[in-house]
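Residue numbers (this note's numbering): 2 to 140.
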């Protein structure tokens, strides 16, 4: 599976598209219907009317990439039909791509670690402790 990094934007087209459209047709569809730049490096995800096929278009910096997936079984979980796009997280996209109900997937929030004491403070503290211990042994 192709997995975008967490810095990539992922846009899900809410309406099904005509799957006879190729890469150029989908790029034009993005530009005309979503007012988004298809050459931004974002993933644009489309589905067929039957919810069993998915196409993904993205610009990788050297050319356009088209990914096509047909899923077996119940099809892809897609939101209710409305116009426009929906932005997905990486975790939601991975679940969608695997045929899992992505609507229940949440991305864990990672807390930024506290800034450690500076090394100079640590070494100064050790030097003072060593100095104090040396003075105690002299007396």
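C-beta atoms are modelled at their ideal positions from N, C-alpha and C, and glycine is treated no differently.
Q) In chain order, which continuous runs of the beta strand (DSSP E) of length 3 or greater are located wholly inside the stretch 13-51? A) The stretch 13-51 contains these whole beta strand (DSSP E) runs: 44-48.
Q: Take residue 80 and list the residues in its own chain whose beta-carbon comes closer than 8 Å to its own, dropping the five residues that flank it on each side.
A: Here the set comprises 13, 15, 87, 104.
**Q.** Nonlocal neighbours in the same chain, by C-beta distance under 8 Å from residue 2, ignoring five residues either side
**A.** Unreliable positioning characterises residue 2 in this predicted model, as indicated by a pLDDT of 49, which lies under 50. The coordinate reading is nonetheless provided below. Only 95, 98, 99 meet the Cβ criterion.
(Q) Considering just the uninterrupted stretch of the beta strand (DSSP E) at residue 56, what are its terminal residues? (A) Start and end: 54-60.
Q. Who are the near neighbours of residue 62 in its chain, counting only those whose CB is closer than 8 Å to its CB and skipping five residues on each side?
A. Annotation for residue 62: 42 place their beta carbon closer than 8 Å to its own, counting only its chain and skipping 5 residues before and after.
Q: Measure the C-alpha to C-alpha separation of residue 49 and residue 25 and round it to an integer number of angstroms.
A: Take the alpha-carbon of residue 49 and the one of residue 25: they are about 17 Å apart.
(Q) I need the straight-line Cα distance from residue 92 to residue 106, nearest angstrom please. (A) Here the C-alpha atom of residue 92 lies approximately 7 Å from the C-alpha atom of residue 106.
Q) Is it true that the CB of residue 55 sits closer than 7 Å to the CB of residue 20? A) No, the Cβ-Cβ distance between residue 20 and residue 55 is not below 7 Å.
**Q.** Segments assigned beta strand (DSSP E), at least 3 residues, entirely inside the stretch 71-96
**A.** With a minimum length of 3 residues, the continuous beta strand (DSSP E) runs that stay inside the stretch 71-96 are 86-89.
Q) Which one or two residues does DSSP pair with residue 11 in a beta bridge? A) Looking at the DSSP output, residue 11 sits in a beta bridge with 44, 89.
Q: Could you pull out every residue in the same chain whose Cβ sits closer than 7 Å to the Cβ of residue 145, ignoring the five residues on either side in sequence?
A: A query on residue 145 cannot be resolved here, the shown segment of the chain reaching from 2 to 140 and no further.
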